[in-house]
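Numbering (full-length UniProt numbering), first residue to last: 1 to 117.
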C-alpha cells in the first residue's frame, strides 16, 4: 500500500490519547518481519511534541549520555494520523500526473499539497 505521509508533513492525530493535536512529522519508522522485510501494516510516525512519554534512564558506561528522567516522543501508528490539507483540515492524500510529474493532492479540495520542508 502506498505510504501517503512524509517527513515534514503537518498532520493531525485522529485517534488515541493525543486525538486532535497537530504537529510536524519528524520520523517514519518501519517495523520488520522475521524475514527482514518491512511489514506494510506496522508503520509508525514520530510527531514533534505529541505523544510524549517519560522514561527513567540510567547512565550507561562512561559516556555522558542523557540520564535521569527523560521525556521523549513515542511513535504513533500511521493509521491514527491524517495529513492537513490546503485548507488546514485533515484530508486524504491522492496522487495524479501533472505534466508528467507525479504530485500529491488534497482529496477534499483537489489542490496540490505543498512538498514537505
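All C-beta atoms in this analysis are idealised placements derived from N, C-alpha and C, irrespective of residue type, glycine included.
Between residue 90 and residue 12, the C-beta gap is smaller than 8 Å, which places the two residues in contact. In the three-state scheme derived from DSSP, where H, G and I count as helix and E and B as strand, residue 109 is classed as coil. In this structure, residue 14 lies away from residue 45, with their beta-carbon atoms at least 8 Å apart.
Rounded to whole angstroms, residue 19 and residue 94 show a C-alpha spacing of 23 Å. Within the DSSP secondary-structure output, residue 102 pairs in a beta bridge with 97. Across the structure, residue 106 and residue 62 are spaced so that their CA atoms are roughly 50 Å apart. In this structure, the CA atom of residue 74 is about 23 Å from the CA atom of residue 2. Short of 8 Å from the beta carbon of residue 68, and not among the five residues preceding or following it, lie these beta carbons of its own chain, in chain order: 56 and 57. Residue environment: residue 84 is assigned as buried (16 or more neighbouring CB atoms within 10 Å of its CB, all protein chains considered).
Less than 8 Å separates the beta-carbon of residue 96 from that of residue 103.
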